[in-house]
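Under our numbering, residue 289 is the last one in the sequence shown; the count climbs by one each step, no gaps.
For every residue, glycine included, the Cβ atom is placed at its ideal position computed from N, Cα and C.
Only one structure is covered here, and it is reproduced in the block below.
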Amino acid sequence: MPESSAESTRRVLILGGTTEARALAGFLAASGDWWPVTALAGRTDGPRRPPGDLRTGGFGGPDGLAAYLADTGPVAVIDATHPFAARMGANAARACAVVGVPLLRLERSGWTADPDAGDRWTRVPDEAAAARAVAGAGSVFLALGRQALAPFAGLDETARVVVRSVDPLGPDTPLPCAVPIVARGPFDEADEAALLRDHGVTVLVCRDSGGADGRAKLMAARSLGVSVVMIDRPPRPKGVPAVHDGTAALAWLAGLAGLGSRRALAGPGPLAYHPRHDAGDGEQDG
Ligand code: NAP
């Protein structure tokens, strides 16, 4: 049963694992109007603790999340998971609909090519399509992290493949002949250009994660004339309102609670929103 403390009437569940989620928890805690509870999947040891409460580990599918919501009684759920964490988004939509809790999606904007500046991008719907698009390419940089490599199995037999990941690839990697690079971002444009040059990369494969840090590899590819295969974001559940920053999320919450527009429009003020890399709970893109 929901607690009867004053805190329970302002509790907001943030589905986290991103820099945006951490920043939002800070905004809510500082606002004094809301009490953030951040949920992390638990993929990373020792993630940075966000302001407010923290719970770690999956809920047990949409039914488990619905039971959690009924039990803890948050006034709203904000899905601030990574753009490619599609399952959690679908689970949240189902659970919130069942329990009747308002749900908002907080998602950073995606990237856009500028062909006039020299971008040579091909957009594809998923990793399997990306693997087909790079078949026969000379030297491919998979900036995907190691959990998304299965569709590229065998590519390292016909092309030079460079894979960058936070943790080593391990013996069961689908790309045993790939050139492994173990490194943790953020990377700047000079680093990325050096990598592309050193490995003679002709095609960069990455996901449309958005954000300032991941953009450095795209700027390097632009400057060196390297082609990009950009994997589109997976679809999100229809009918869930979405915003791109913490200020808009606060305004949505204020609207729900009828707090009026003055505080919402004031936004987080000194807690300005500066997205950095996904230092949180999940494997970053390569
Ligand atoms: P996913 O495929 O959408 O979710 C898989 C399962 O992990 C979910 O069904 C859920 O388990 C659990 N889960 C995911 N996010 C959770 C959260 N915030 N709190 C509690 N449980 C969560 O997610 P994913 O792609 O594996 O990503 C896992 C986490 O890493 C997310 O929090 C995401 O924001 C972060 N992350 C992901 C990426 C990426 O590239 N995918 C990059 C950076 C950070 P139950 O069904 O048991 O509830």
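CYS209 sits buried, since 16 or more C-beta atoms from the chains shown fall within 10 Å of its C-beta. The C-beta distance from ARG13 to VAL78 rounds to 7 angstroms, short enough to meet the 8 angstroms contact threshold. Within the chosen limit of 6 angstroms, the ligand NAP reaches the beta carbon of ALA88 through at least one heavy atom. In this structure, LEU18 has its beta carbon less than 6 angstroms from a heavy atom of the ligand NAP. CA-to-CA, the gap between ALA162 and LEU57 works out to about 44 angstroms.
Judged by their CB atoms, ASP235 and ASP216 are not nearer to each other than the 7 angstroms cut-off.
The C-alpha of GLY61 lies about 43 angstroms from the C-alpha of GLY121. Closer than 6 angstroms to some heavy atom of the ligand NAP: that does not describe the Cβ of MET233. Around the beta carbon of GLU130, a 10 Å sphere encloses 16 or more other beta carbons of the protein chains shown; the residue is thus reported as buried.
A check of alpha carbon separations from THR205 across ARG218, GLY188, GLY213 and ALA223 identifies ALA223 as the nearest. Counting the other Cβ atoms within 10 Å of the Cβ of VAL185 gives fewer than 16, which makes it exposed.
Note on ASP119: under 16 other CB atoms within 10 angstroms of its CB, so exposed under the neighbour-count rule. Residue environment analysis places THR115 among the exposed positions, since fewer than 16 neighbouring C-beta atoms fall within 10 angstroms of its C-beta. Taken through DSSP and simplified to helix, strand or coil, ASP159 comes out as helix. DSSP lists ALA146 and MET233 as the beta-bridge partner residues of CYS209.
Only residues of its own chain outside the window of five on either side were considered, and among them PHE62 have a CB closer than 6 angstroms to the CB of TYR71, listed in chain order.
Going by C-alpha positions, VAL104 is about 40 angstroms away from TRP124. Taking C-beta atoms as the reference points, VAL164 and LEU178 count as a pair closer than 7 angstroms.
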